[in-house]
Amino acid sequence: MFSSEKHKSGTISELLATSYFVQNNHIVSKPITDFHDYDLIVDNGSLKRVQVKTIYWDNSKSRYLASCVTSHIRGNETRYNKKYHKDSFDLLCAVEHTTGSIYIIPMEKVLDRRSITFYPKGKPETVNGRYEDFEQYKVR
Numbered sequence: 062m063f064s065s066e067k068h069k070s071g072t073i074s075e076l077l078a079t080s081y082f083v084q085n086n087h088i089v090s091k092p093i094t095d096f097h098d099y100d101l102i103v104d105n106g107s108l109k110r111v112q113v114k115t116i117y118w119d120n121s122k123s124r125y126l127a128s129c130v131t132s133h134i135r136g137n138e139t140r141y142n143k144k145y146h147k148d149s150f151d152l153l154c155a156v157e158h159t160t161g162s163i164y165i166i167p168m169e170k171v172l173d174r175r176s177i178t179f180y181p182k183g184k185p186e187t188v189n190g191r192y193e194d195f196e197q198y199k200v201r
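According to the numbering used here, the sequence shown holds residues 62 to 201 in order.
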């Protein structure tokens, strides 16, 4: 039984990411413990640490987002969000469940960001140039 819908969604994203990498001839390994800043290790001749993130619809911002922070619950039940550092992982793999969209983004593109905006159903014409366009990293 999952402790929350968030954990269930994260597991689905990791499985979809694993499927994508295997279909594209990568060897995929998963760390035994869950206390790392990455979720998978992929090997296609060189090893890459991959952080998997779920893309979700944010009603308040009316757009699809993926978080670029790691969350920890402290002893007093307070959630603490921490940005990743440059050695946390090599690739961010963002997954949107309903469309099956997958984005593979180099770490340096997400460094020091709190979130990323995505357009898995297509980029609307009304979008202004304020947001960096991550659609170039869409692989599925």
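Built from N, CA and C at the ideal position, the CB exists for glycine as well.
Quick one, are the C-beta atoms of residue i and residue j less than 7 Å apart?
i           : j           : result
residue 101 : residue 89  : yes
residue 148 : residue 110 : no
residue 103 : residue 78  : no
residue 130 : residue 163 : no
residue 166 : residue 198 : yes
Would you tell me roughly how many angstroms separate the C-alpha atoms of residue i and residue j, rounded to the nearest one?
i           : j           : result
residue 125 : residue 93  : 31 Å
residue 183 : residue 195 : 12 Å
residue 193 : residue 95  : 30 Å
residue 175 : residue 187 : 23 Å
residue 168 : residue 98  : 12 Å
residue 87  : residue 105 : 5 Å
residue 108 : residue 128 : 24 Å
residue 284 : residue 180 : Any answer about residue 284 is impossible in this case: the structure gives the chain only from 62 up to 201.
Per DSSP, residue i is paired with what?
i           : result
residue 172 : The partner list for residue 172 (beta bridge, DSSP) is empty, contrary to what the question assumes.
residue 157 : 162
residue 167 : 152
residue 179 : 125
Inter-stretch contact (C-beta, 8 Å, three-pair minimum) for the stretch 152-163 and the stretch 112-119: Verdict: yes, contact present.
Inter-stretch contact (C-beta, 8 Å, three-pair minimum) for the stretch 144-151 and the stretch 64-84: No, the stretch 144-151 is not in contact with the stretch 64-84.
Length-filtered (3 minimum) beta strand (DSSP E) runs lying within the stretch 68-133: Taking only runs of at least 3 residues, the beta strand (DSSP E) segments lying wholly in the stretch 68-133 are 88-90, 101-104, 108-115, 117-119, 124-128.
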